[in-house]
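To start, the structure itself, in structure tokens.
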Amino acid sequence: MFKEKIKQSLINLVTLCLMVYATAISFANAENSTPVLTVLNWSEYLDPDVVSAFEKKYNVKVHDVYYENDDERDKLLIQTGGSGYDVGIVSGVMLETYQQKGWIDPINQRNVPNLQYIDTAKKNSHEGANGYSLPYAWGTLGIAYRADLVNKPIETWMDLFQPEAELHQKIVMIKGARELLGTALNAKGYSVNSMNKTELAEAEALLLTQKPHVFRYGHIELGAESVLATGKALATITYSSDALVLNELNPNIKYVVPKEGSTVWVDHWVVFVKSANKTLAHQFLNFINDPKIAAQNAEYLYIATPNLAAAEFLSEEFLEDSIIHPHAEQLKNLETYHQLQGRALRTRSQIYNRVVN
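As numbered in my numbering, residues 120 to 476 make up the sequence shown, in order.
As structure tokens, this is what we get:
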């Protein structure tokens, strides 16, 4: 009996020692563990050197989760409700929807003092933007074309909708109901957000009249196989950021914001409601909006930054690139897409299907 008591006491002592040791290890691991900021983003949409500098300054790790299109990003958020992500990039037109779904948190502006450097117009670019997002990058929608293979410069939407013979079946029209119909509305002098039945009918008629001249509907390729680079197509509707890539492939590929007007796109950073690292998330947003950091990142992406104070640190070549920075007169005719729902969305989808199918 006495031996059994001694045996049990030894077992209890060993168990206690193991518990103390495990607890000590746990605390040590907790102290030594590195905080992780999970970022939901497009691939290659953030300068790796900027990320490394942030990690070093705050002794953290950045974990990237990439998506290939808006639908994929939305599916990830629907599946998780935003859980598992701290910050992410969202297109401006989706901000109101994200806010309504309760996926994004208001940004605590006191914790992001560098917000003061952001262009007010970009802050207010979309419904649901101001207070819930931080503008990151912006650009335009326009026309890229082979200047060496056309008789005269392309300057208007109507140059595509009522094309010269040389453009017959040499035009790649953009894919997507909102974008495609928007260009036709602009060509007729209407807003891309028009819900007027007569204006929409005129835009549809213009698209149907143009259809025999179209090579295909879709997004232009950005590699050496691009039909614009090979000359199989002579003009396409594309985004300014993609036009820059195309221009690098072939300097004869020029880009223009049509005279009738067009749209401006703005990508925004958001903080997710279910983020487990909201303090770190705000530190990240403030860090990347330090004017020097914002300039470095913009030059890496070769995309315009809404950080006005960054201009001091940007190269002259970057500032004078007309693809990145449209002229003042062009900016006057730019608008943003509004979030459409219900009947307005269905009407556009029906028109789009009648045109492309």
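Where is the CB? At the ideal position from N, CA and C, for every residue including glycine.
These figures come from a predicted structure and were not determined experimentally.
Inset, instruction - Could you tell me the distance, in whole angstroms, from the CA atom of Lys220 to the CA atom of Leu196? - result: 10 Å
Legend entry - Thr157 vs His182 beta-carbon contact at 8 Å: yes
Inset, instruction - Closer than 7 Å by C-beta to Leu341: which residues in its own chain qualify, once you throw out the five before and the five after it? Chain order, please. - result: Asp361, Val364, Leu365
Legend entry - Residue of Thr466, Ile443, Gly295 minimising C-alpha distance to Asp190: Gly295
Inset, instruction - Would you identify the three-state DSSP class for Lys241, choosing helix, strand or coil? - result: helix
Legend entry - For Ser202, three-class secondary structure by DSSP: coil
Legend entry - Ala172 versus Glu379, Ile412, Asn243, residue with shortest Cα-Cα distance: Ile412
Legend entry - With 16 other Cβ atoms within 10 Å as the buried cut-off, status of Met314: exposed
Legend entry - Identity of the residues DSSP links to Ser486 by a beta bridge: What is shown of the chain runs 120 to 476, which leaves residue 486 out entirely.
Inset, instruction - Decide yes or no for the touch test of the segment 393–405 against the segment 457–475: beta carbon pairs closer than 8 Å, at least 3 of them. - result: no
Inset, instruction - Just list the alpha helix (DSSP H) runs in the segment 264–311, keeping only unbroken ones of 4 residues or longer that don't cross its boundaries, in chain order. - result: 277–280, 296–306
Legend entry - beta strand (DSSP E) runs contained entirely in the segment 431–475, provided each spans 3 or more residues: none
Legend entry - Alpha-carbon to alpha-carbon, Ala400 and Asp205: 6 Å
Legend entry - Where Leu353 falls: helix, strand or coil (DSSP): coil
Inset, instruction - State the start and end residues of the unbroken beta strand (DSSP E) segment that holds Tyr336. - result: 333–336
Legend entry - 8 Å contact criterion, which Glu318 and Leu300 should meet: CB distance rounded: Not confirmed; about 10 Å, so no contact.
Inset, instruction - Find the nearest neighbour of Asp166 within the set Asn452, Tyr419, Gly250, judged by alpha-carbon distance. - result: Tyr419
Legend entry - Backbone secondary structure at Ser381 - three-state DSSP: strand
Legend entry - Sequence-distant residues of the same chain with beta carbon closer than 8 Å to Glu246, five excluded per side: Leu214, Glu215, His457, Gln458
Legend entry - Beta bridge counterpart(s) of Ala423 as assigned by DSSP: Trp257
Legend entry - Local conformation of Ala149 per DSSP, three classes: Unreliable placement is indicated for Ala149, whose pLDDT of 40 sits below 50; the coordinate value is still reported in the next sentence. Three-state DSSP puts Ala149 in a helix.
Inset, instruction - With DSSP as the reference, label Tyr251 as helix, strand or coil. - result: coil
Inset, instruction - Measure the Cβ-Cβ separation of His387 and Pro232 and say whether it is below 8 Å. - result: no
Legend entry - The alpha helix (DSSP H) enclosing Lys330, as first and last residue numbers: From DSSP, Lys330 is part of no alpha helix (DSSP H); its letter is neither H nor E.
Legend entry - the segment 347–357 contacting the segment 365–379, beta-carbon criterion three pairs below 8 Å: yes
Inset, instruction - Determine the direct distance from the alpha carbon of Lys373 to that of Leu347, and round the result to whole angstroms. - result: 11 Å
Inset, instruction - May I have the straight-line CA-CA distance separating Glu321 from Tyr309, to the nearest angstrom? - result: 10 Å
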